[in-house]
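A.B. asks: Residue numbers (this note's numbering), protein chains in the order written: chain A, 556 to 1005; chain B, 2 to 799. Glycine included, C-beta positions come from ideal geometry on N, C-alpha and C. I have a structure I would like to understand better, so I am pasting it below and will then ask my questions one at a time.
Have a look at this one:
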């Protein structure tokens, strides 16, 4: 099928259809018949009403797979946080029947965040996703602005309080908010929005504008410094480009160039980052000399994972193991180690399966979606959740350096949990909408994939 | 809703899904790798954090003498030890880094490496001053001069640095060699990688180093309290450092030797005429029984660890006692037998280094207790420590001290004296007044118990702790005195005439002598060859003994008689004669190296008939130890029953069954008669000491009867080569080649005496005395033996 060349939005033609239904290809593409009531209703209602009160949903969508796995992971996270932080054995600070908390305070907080996250997800899923797509640039601008605020020198301490030398949190009184989580969503929306009607990215030079979109959040987050979060954007961008039909050979060329350039970049890293990479290298070669200092966190996580064995340990024994091994960030970055200590290999496989289920749900939703932007957004979100989870698990099992990346839905942290649920909401929002005419095959090119 | 197949977007989404599944597979594989091994080290590491183990100290067993006197015991004591990282200065740098980081707060990550280093460098002196203050505090609390404390620390640091350097060089060399051998090219990068790998810290760099040993209890308690405290250094709020960084007060269980120094009053009226005076003289004996008790070293070496491991493997009973009981041993974190060994050597554990301390190390060493606190449940198990077993010796330490006093140069018997020489010229290598080295053994004949085992010179322990380098580095000690060698058991000596009685007994048993027939002493064995195989009386006075029978021959120590017996016995017979009495077999006291005795030349002990003749009078290629001499005489006194000497009175120590040599009873009787006459008849060689024309019997001691034999044995010359340290002290000797001088030459002086109560008329104890290069057996050793007999009386044995 030969497709007309798309030239931005200049080909828009006025039409009686609501604005969001107008499509540059309408005239050129065969239009599928739309059920009369739907077409009729949308034709008379203002866009904003349509956006907030969708009438038509498709209940059967792979996006529900995301919701299911997200719920399972979130509940698992609540329990694991409690497991990681609450120890009521002999000699614990709160020993004595009265003072023992029923649940770890932070698990309770996480529960509250989960409720907020569910609400936020529902709010995002409810309106037409076109609304989100339209505001993509705006959201990106807001998140970039917030990221910039973090780095401004004159910002008072009460607003931006550095932790471990990283300026990543904006204090909102009772809660703290991590703009980089918002930036993830904004980035996916923006890239989807940018690529939706283009084919420039099929040329090598055309990849440059996309790289510039990524450069904003990646650069600002790197400056916090939070290199761990920043690097997640790169594979996500590649996944979206790949889905959008970029030529594989271009992407391969970039990967190859980056691989070759990596050793040259090594000296630019901060000393502690270099030390971690060197430590990982030695650790992978079986050198245990760093087990008590530089690689302590990694070794302890692996030790706890080892303790899980195939079948895991009892609740009480796991709590004791986690407590007395003093694993740093055990409720947070290293929560996976706690889960494996509790349920063993089966627990690990369960977490992997749930993460894969979420990703599969998002990818399947993408495959089902017709709107080009929605397609890319689903791919991007699926990639984000999976890449982040994979990096986190890699850290836990000693395959990657410790770079402070959380496990989506499971790790403690409001911003991360809420952002993950918003992502789920977006996917669901896309999934439950029936395709809106006119249909066109987006990102389908005749030439071979390379 | 799926799009038809062939959609590029779908294909790519599917490819992403496959990529994700692949990554998930890799992660799952790694989790499987970590979880599938049930007994991995990682797992042990994590589980071990749930159990807190605390070893409880124990004490080393005591060493007791035959009367229950404590010769060695543990006394609770404290050592002050300091961690190596404090000694090396690493602590100050690390603390400075932590402090700088803390002060910089979040801005730390913004600093460049140079700025960071500057900040760290700025704080290092502060922490170094804190370490200095620690040294001051240690000096103050223990009352030690500050300079001494600091110097000890520096010594420890230098020692470890030297060790580390040599070990690292060796490790790197080995690695490079093996790489080269494997055909690898040695690039600078590989070299760097290897040197990083071999730079694993040494055990010494992690362990504590004792700076002040045996500090008083009060100081120990005070320092222990102080070591628990932390302080905040000025300018570092919220950053606490220990008041005494790296200092630990450890229970050292200092070893005490109550009889190390014994004052003995000697009756001067009993001394030979030239020394005789009224009243007593107090002799301070130091290092009493040092050769027997031995000493401790302050930490275990690889061979000590190895020996303990071997014992654990070879002795199931020992293992059952030493290893943790099963319940505690099943702890997951106690992986190896080494870790569950309650007596395993830990950093500041002292170890027996010589003597009984080393020989009975495994018995003396106590077993630690263990407190196991299971953090998960709060339950506690305690295994009580087991003190080490006491070791009882057959030694009588007071007798030992008296014997040592008799052999102390201050008394005058054990230095070269003009009256030792008789008519002979002065021995140029041992001028008058030179202290004599020697050994004395006192055995109980009935039991074979060693009552005293003295080796002179001995080493006072304080010399070893304070001036060890001087003791071991001294040239005279190395060449001649060797005070660290037990002369009673570990030095070979030619037997000389004291062996004649054994040759007689063996010849009678072999039927090679007619006790009724006399042998004519003609001055020299072979007619017409007056220069060899001569009798001593012919050599000295150009006289002969005439026809002598066995008893007489022993009494006058006639060489011709015993040359003849040697000739008749031949090489094999003479060898059997010595072997019968234990020469060639180590007595096995179990307190350290022993000389087993040697007959003949070379490892197979070749003997020519001519040498057999010499062996008849105890000369030629034959050597034994003083203990073997005493043991041989004890065997004879028992009528030919060999029991073997014993020093460690312990039922667990296996003793070989008594052996009957089947000696001819008449020969034994005649031999004993000969020995009796040798010291009781005025013609006997061991009867008297002639000083200034007056004959004084050696053994005019009321209440005892004695049997005995003197020996004056030609000894090998100790030489020194030109260029060696003591060359100037040496004496030119025509028998030696040019450039070689004699440091010691002459004859060893032997005297072996059997003594009993006069009323019983049977020997109860053997006394064997040997004085090196001292000349005449009777003149030098006789007075010493007499003092030992008086010592036996004083201690109630006679």
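1. Check for me: the alpha helix (DSSP H) holding residue 92/B runs from which residue to which?
2. Pairing CB atoms from the stretch 613 to 630 of chain A with CB atoms from the stretch 917 to 926 of chain A, are three or more of them under 8 angstroms?
3. DSSP puts residue 750/B in a beta bridge; with which residues?
4. Specify whether the stretch 716 to 730 of chain B and the stretch 782 to 799 of chain B touch according to this definition: at least 3 beta carbon pairs, one from each stretch, less than 8 angstroms apart.
5. Assign residue 799/B to one of two classes, buried (16 or more other C-beta atoms within 10 Å of its C-beta) or exposed (fewer than that).
6. Flag residue 114/B as yes if its beta-carbon sits less than 8 angstroms from any beta-carbon of chain A, otherwise no.
7. Compare the beta carbon distance of residue 288/B and residue 261/B with 8 angstroms and say whether it is the shorter of the two.
8. Along chain C, which residues have their Cβ under 9 angstroms away from the Cβ of residue 805/A?
9. Could you tell me which uninterrupted alpha helix (DSSP H) segments, each at least 4 residues in length, are contained entirely in the stretch 396 to 446 of chain B, listed from first to last along the chain?
10. Below 7 angstroms between beta carbons is the criterion; list the residues of the stretch 778 to 801 of chain A that meet it against any residue of chain B, in chain order.
11. Would residue 969/A pass as a contact of residue 36/B if the rule is Cβ separation under 8 angstroms?
12. Just the Cα atoms here: how many angstroms apart are residue 511/B and residue 577/B?
13. Is it true that the CB of residue 501/B sits closer than 8 angstroms to the CB of residue 563/B?
14. Between residue 246/B and residue 87/B, which are expected to be in contact by the criterion C-beta below 8 angstroms, what is the C-beta distance as a whole number of angstroms?
15. Give me, in chain order, the residues of the same chain whose beta-carbon lies closer than 6 angstroms to that of residue 97/B; leave out the 5 immediate sequence neighbours on both sides.
16. Would you list the one or two residues that DSSP bridges to residue 757/B?
17. Considering Cα atoms alone, identify which of 193/B, 104/B, 203/B and 211/B is closest to residue 157/B.
18. Could you confirm whether any beta carbon from chain B is found closer than 8 angstroms to the beta carbon of residue 832/A?
19. Determine the direct distance from the alpha carbon of residue 173/B to that of residue 389/B, and round the result to whole angstroms.
20. Could you tell me which residues DSSP puts in a beta bridge with residue 370/B?
21. For residue 872/A, decide whether its Cβ has a neighbour in chain B, counting only Cβ atoms nearer than 8 angstroms.
22. Would you check if there are 3 or more beta carbon pairs closer than 8 angstroms linking the stretch 510 to 528 of chain B to the stretch 625 to 640 of chain B?
23. Just to check my reading of the structure: residue 679/B and residue 555/B have Cβ atoms closer than 8 angstroms, yes? What is that Cβ distance to the nearest angstrom?
24. Pair every Cβ in the stretch 692 to 708 of chain A with every Cβ in the stretch 723 to 743 of chain A, then say whether three or more of these pairs are closer than 8 angstroms.
25. Applying the 10 Å Cβ sphere with the 16-neighbour rule, what's the burial state of residue 713/A?
26. Here's a check: name, in chain order, each residue in its chain whose Cβ is nearer than 7 angstroms to the Cβ of residue 661/B, leaving out the five neighbours to either side.
27. Please tell me whether residue 828/A and residue 953/A are closer than 8 angstroms, where the distance is taken between their beta carbons.
28. Within 8 angstroms (strictly less), CB to CB, does residue 169/B reach chain A?
29. In terms of residues, what are the limits of the beta strand (DSSP E) holding residue 726/A?
30. Looking at residue 9/B and residue 747/A, is the spacing between their C-beta atoms short of 8 angstroms?
31. Do you know whose CA, among 184/B, 361/B and 153/B, lies nearest residue 651/B's CA?
32. Can you give me the C-alpha to C-alpha distance between residue 779/B and residue 537/B, rounded to a whole angstrom?
33. Which runs of the beta strand (DSSP E) spanning at least 3 residues fall entirely within the stretch 818 to 842 of chain A, listed in chain order?
34. For a minimum of 3 consecutive residues, which ranges assigned as the beta strand (DSSP E) are wholly contained in the stretch 209 to 236 of chain B?
35. Roughly how many angstroms lie between the CA atoms of residue 723/B and residue 145/B, to the nearest whole one?
36. Roughly how many angstroms lie between the CA atoms of residue 671/A and residue 774/A, to the nearest whole one?
C.D. replies: Inspection of the coordinates gives the following:
1. That run of the alpha helix (DSSP H) goes 91 to 105.
2. Counting C-beta pairs with one atom in each stretch, the stretch 613 to 630 of chain A and the stretch 917 to 926 of chain A have three or more that are closer than 8 angstroms, which means they touch.
3. The secondary-structure analysis by DSSP pairs residue 750/B across a beta bridge with 713/B and 772/B.
4. No: the two stretches stay apart, fewer than three of their Cβ pairs being nearer than 8 angstroms.
5. The residue in question, residue 799/B, is buried, as its Cβ has 16 or more Cβ neighbours within 10 Å.
6. Judged by the 8 angstroms Cβ criterion, residue 114/B is in contact with chain A.
7. A distance below 8 angstroms separates the beta carbons of residue 288/B and residue 261/B.
8. Absent here is chain C; the protein component of the structure consists of chains A and B.
9. Unbroken alpha helix (DSSP H) runs of no fewer than 4 residues, entirely contained in the stretch 396 to 446 of chain B, are found at 398 to 407 and 419 to 422, following chain order.
10. Of all residues in the stretch 778 to 801 of chain A, 780, 794, 797, 798 and 800 have a Cβ within less than 7 angstroms of some Cβ in chain B.
11. 8 angstroms or more divides the Cβ of residue 969/A from the Cβ of residue 36/B.
12. Between residue 511/B and residue 577/B, the C-alpha separation is close to 10 angstroms.
13. In contact: residue 563/B and residue 501/B (Cβ atoms closer than 8 angstroms).
14. About 5 angstroms separates the two Cβ atoms, so the contact holds.
15. Correct list, in chain order: 121, 124, 125 and 128.
16. Its beta-bridge partners are 706/B.
17. Among 193/B, 104/B, 203/B and 211/B, the Cα nearest to that of residue 157/B belongs to 211/B.
18. Chain B has no Cβ within less than 8 angstroms of the Cβ of residue 832/A.
19. Cα-Cα distance, rounded: 42 angstroms.
20. Looking at the DSSP assignment, residue 370/B forms a beta bridge with 57/B.
21. At least one beta carbon of chain B lies nearer than 8 angstroms to the beta carbon of residue 872/A.
22. Result no; under three Cβ-Cβ pairs closer than 8 angstroms.
23. Residue 555/B and residue 679/B do touch by the CB rule: their CB atoms are close to 6 angstroms apart, below 8 angstroms.
24. Touching, per the Cβ criterion.
25. Looking at its Cβ environment, which holds fewer than 16 other Cβ atoms inside 10 Å, residue 713/A is exposed.
26. A distance below 7 angstroms between beta-carbons, with the five flanking residues on each side excluded, links residue 661/B to the following residues of its chain, in chain order: 641 and 642.
27. In this structure, residue 953/A does not lie closer than 8 angstroms to residue 828/A by Cβ.
28. Not an interface residue.
29. 725 to 727 is the span of the beta strand (DSSP E), which, as asked, contains residue 726/A.
30. No; because the gap between Cβ atoms is not below 8 angstroms, this pair is not in contact.
31. Of 184/B, 361/B and 153/B, the residue nearest in Cα terms is 361/B.
32. Taking the straight line joining both Cα atoms gives about 14 angstroms.
33. Restricting attention to beta strand (DSSP E) runs no shorter than 3 residues, the stretch 818 to 842 of chain A encloses none.
34. As far as the stretch 209 to 236 of chain B is concerned, its whole beta strand (DSSP E) runs of at least 3 residues are 209 to 216 and 231 to 233.
35. Taken atom to atom, the span from the alpha-carbon of residue 723/B to that of residue 145/B is near 45 angstroms.
36. If I take the Cα positions, the gap works out to 29 angstroms.
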